[in-house]
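Student: FYI, this note's numbering numbers position 2 of the sequence shown as 142, with every residue one higher than the one before it. C-beta: ideal position from N, C-alpha, C; glycine also. This structure is in structure tokens; I'll ask about it shortly.
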Amino acid sequence: MSLFKKVDELRSEFKQALASSPALSDLERIKQEYLGRKGILNDLFKQIKDVEPARKGEFGGLVNVLKQEVQEAIDALLSKTASSTGASAGVDVSLPGTVYQRGSLHPLEQTLRDIKSIFHRLGFSVAEGPEIETQWRNFDALNFPPEHPARDMQDTFFLNNGSVLRTHTSPVQIRLMMDEKPPIRSIMPGRVYRNEAIDAGHYCLFHQVEGLYVDKNVTHGELKATLELFCREYFGSDVKLRFRPSFFPFTEPSNEVDVTCFLCGGKGCRVCKQTGWLEILGCGMVDPNVFKSVGYDSEEYTGYAFGMGIERIAMLKYGINDIRLFFENDVRFLKQF
Ligand code: PHE
Numbered sequence: 141m142s143l144f145k146k147v148d149e150l151r152s153e154f155k156q157a158l159a160s161s162p163a164l165s166d167l168e169r170i171k172q173e174y175l176g177r178k179g180i181l182n183d184l185f186k187q188i189k190d191v192e193p194a195r196k197g198e199f200g201g202l203v204n205v206l207k208q209e210v211q212e213a214i215d216a217l218l219s220k221t222a223s224s225t226g227a228s229a230g231v232d233v234s235l236p237g238t239v240y241q242r243g244s245l246h247p248l249e250q251t252l253r254d255i256k257s258i259f260h261r262l263g264f265s266v267a268e269g270p271e272i273e274t275q276w277r278n279f280d281a282l283n284f285p286p287e288h289p290a291r292d293m294q295d296t297f298f299l300n301n302g303s304v305l306r307t308h309t310s311p312v313q314i315r316l317m318m319d320e321k322p323p324i325r326s327i328m329p330g331r332v333y334r335n336e337a338i339d340a341g342h343y344c345l346f347h348q349v350e351g352l353y354v355d356k357n358v359t360h361g362e363l364k365a366t367l368e369l370f371c372r373e374y375f376g377s378d379v380k381l382r383f384r385p386s387f388f389p390f391t392e393p394s395n396e397v398d399v400t401c402f403l404c405g406g407k408g409c410r411v412c413k414q415t416g417w418l419e420i421l422g423c424g425m426v427d428p429n430v431f432k433s434v435g436y437d438s439e440e441y442t443g444y445a446f447g448m449g450i451e452r453i454a455m456l457k458y459g460i461n462d463i464r465l466f467f468e469n470d471v472r473f474l475k476q477f
């Protein structure tokens with residue numbers, strides 16, 4: 141058989157092989173058989189040496205044409221088989237996959253973690269106490285006189301058995317000092333309750349972080365330095381602090397602390413009500429009467445305490461204008477953090 145005739149013969153053999161609509165695996169095998177390195181077409185090319193010199197060019201051209209036909213026919217079938225596989229299974233491979241939304245930490249939890257980590261580096265441990273307290277720990281031991289207005293029904297939730305929902309985290313100071321001897325250096329985060337008219341700035345519950353440091357020779361200077369360091373870490377290194385004289389029954393002297401407004405930098409704006417300052421916490425030196433109620437000798441020990449509202453700090457930091465948003469658990473609010 142002449143080699144020219146063999147080219148035609150191979151063409152009809154190839155067409156026959158494809159006529160039986162081969163499966164994908166068969167197609168791959170046929171492709172290899174014809175176009176592979178040791179395949180039929182390469183074999184044919186090699187036989188060019190047996191063709192009479194005058195017709196070598198013509199023969200090579202014919203084999204090239206056949207090779208191209210084979211290549212195109214197989215590629216067309218391969219792409220058809222691939223796309224019909226997905227379609228017949230009812231799968232649109234171009235659709236995006238299922239997206240699982242991850243939750244995020246509640247902004248109060250994030251704020252608390254940031255506060256904890258700063259005080260952790262300053263050597264403060266973390267202590268906690270219950271939300272239902274005795275009036276003694278919530279008020280008396282903290283030097284509130286019996287007729288103090290904060291005990292009024294307006295502010296405090298009283299339970300039938302005479303206990304209260306704690307109105308601040310300061311009773312945890314009492315628990316800590318009655319359980320341990322100085323030195324004490326702890327922060328005490330937790331939930332507190334107040335019977336208030338609810339609006340954008342007030343809710344019936346909120347969270348505080350209490351701080352207490354008791355040892356020999358603890359000074360007001362250390363209190364200022366500690367709070368200054370905390371505020372610079374939390375609000376930024378160029379923040380300034382202002383200590384204003386204030387009053388709490390359980391500290392003497394007492395201060396309220398303001399920081400320069402993070403929004404206007406102290407010039408005055410809507411957030412700081414044109415004052416340039418934002419009030420962020422209350423603090424002071426532990427009153428000797430408090431030491432007396434827990435059995436500490438106030439001649440031997442001194443200490444400082446501070447308390448800050450977590451909601452307030454989070455609202456300032458994130459620009460949140462309504463405290464109720466923290467408690468509604470609306471995902472549209474939460475997922476922004
Ligand atoms: N317990 C005070 C409050 O709830 C805050 C405070 C704590 C002030 C510790 C001084 C020292 O307002």
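Assign L345 to one of three DSSP states: helix, strand, or coil.
Tutor: What you label residue 345 is simply residue 205 of the sequence shown in a count that begins at 1. If DSSP states are grouped into helix, strand and coil, L345 belongs with the strands.
Student: Pick out whichever of V354, G341, S303 has its Cα sitting closest to the Cα of I327.
Tutor: Residue 327 sits at position 187 when you count from the first residue of the sequence shown. With distances taken between Cα atoms, I327 lies closest to V354.
Student: Determine the direct distance from the alpha carbon of L167 to that of I214, and round the result to whole angstroms.
Tutor: Within the sequence shown, residue 214 is the residue found at index 74, counting from 1. Within the sequence shown, residue 167 is the residue found at index 27, counting from 1. Roughly 7 Å between the two C-alpha positions.
Student: Please state whether the Cβ-Cβ distance between V434 and N283 is less than 8 Å.
Tutor: On the sequence shown, residue 434 is found 294 positions in, with the first residue counted as 1. On the sequence shown, residue 283 is found 143 positions in, with the first residue counted as 1. Going by C-beta atoms, V434 is not nearer than 8 Å to N283.
Student: For K407 and T400, what's the separation of their Cα atoms in angstroms?
Tutor: Here residue 407 is taken as the residue at index 267 of the sequence shown, counted from 1. Here residue 400 is taken as the residue at index 260 of the sequence shown, counted from 1. In a straight line, the C-alpha of K407 is about 9 Å away from that of T400.
Student: May I ask which residues mark the beginning and end of the alpha helix (DSSP H) holding P285?
Tutor: Mapped onto the sequence shown, residue 285 falls at position 145. Segment: none, P285 is in no alpha helix (DSSP H) and carries neither H nor E.
Student: For the alpha helix (DSSP H) containing Y374, name the first residue and the last one.
Tutor: In the sequence shown, the residue the question calls residue 374 occupies position 234. Unbroken alpha helix (DSSP H) run through Y374: 360-375.
Student: Use the C-beta contact count for L441: other C-beta atoms within 10 angstroms, 16 or more gives buried, fewer gives exposed.
Tutor: Reading the sequence shown from its first residue, position 301 is the one you call residue 441. The displayed chain sequence assigns Tyr, not Leu, to residue 441. It counts as buried.
Student: Evaluate the contact criterion for the segment 366-386 versus the segment 413-426: three or more CB pairs, one atom per stretch, below 8 Å.
Tutor: Flag = yes, the segment 366-386 and the segment 413-426 touch.
Student: Here's a check: name, in chain order, each residue in its chain whose Cβ is nearer than 8 Å to the Cβ of T251, leaving out the five neighbours to either side.
Tutor: By one-based count along the sequence shown, residue 251 stands at place 111. Taken in chain order, the residues that qualify are I450, I453, A454, K457.
Student: Whole angstroms is fine: what's the gap from E268's alpha carbon to S310's?
Tutor: Mapped onto the sequence shown, residue 268 falls at position 128. Mapped onto the sequence shown, residue 310 falls at position 170. Taking the straight line joining both Cα atoms gives about 11 Å.
Student: In whole angstroms, what separates the C-alpha of D462 from that of S234?
Tutor: Counted from its first residue, the sequence shown places residue 462 at position 322. Counted from its first residue, the sequence shown places residue 234 at position 94. If you take the alpha carbons of D462 and S234, they lie about 44 Å apart.
Student: Going by other Cβ atoms of all chains shown within 10 Å of its Cβ, with 16 needed for buried, is H260 buried or exposed?
Tutor: Counting from 1 along the sequence shown, the entry for residue 260 is found at position 120. With fewer than 16 other Cβ atoms within 10 Å, it is exposed.
Student: Could you tell me the alpha carbon to alpha carbon distance between G230 and I170, rounded to whole angstroms?
Tutor: Within the sequence shown, residue 230 is the residue found at index 90, counting from 1. Within the sequence shown, residue 170 is the residue found at index 30, counting from 1. Between G230 and I170, the C-alpha separation is close to 28 Å.
Student: Pick out whichever of R195, F446, G263, D398 has its Cα sitting closest to the Cα of T391.
Tutor: For this step, residue 391 is matched to residue 251 along the sequence shown. That would be F446, whose Cα lies nearest to the Cα of T391.
Student: Apart from the five residues just before and just after L218, which ones in its own chain have a Cβ nearer than 7 Å to its Cβ?
Tutor: Counted from its first residue, the sequence shown places residue 218 at position 78. Once the five neighbours on either side are set aside, the close Cβ partners of L218 are L167.
Student: Under a Cβ-count criterion, where at least 16 other Cβ atoms within 10 Å of its own Cβ denotes burial, should I338 be classed as buried or exposed?
Tutor: Here residue 338 corresponds to residue number 198 of the sequence shown, with the count starting at 1. I338 is exposed by the Cβ-count criterion.
Student: Compare the Cα-Cα distances from G443 to each of Y374, L363, L305 and report the closest residue.
Tutor: Residue 443 sits at position 303 when you count from the first residue of the sequence shown. Ranking Y374, L363, L305 by Cα distance to G443 puts L363 first.
Student: Would the C-beta of H342 count as close to the ligand PHE, meaning under 7 Å from any of its heavy atoms?
Tutor: Locating residue 342 in the sequence shown gives position 202, where the first residue counts as 1. Incorrect: H342 has no Cβ contact closer than 7 Å to the ligand PHE.
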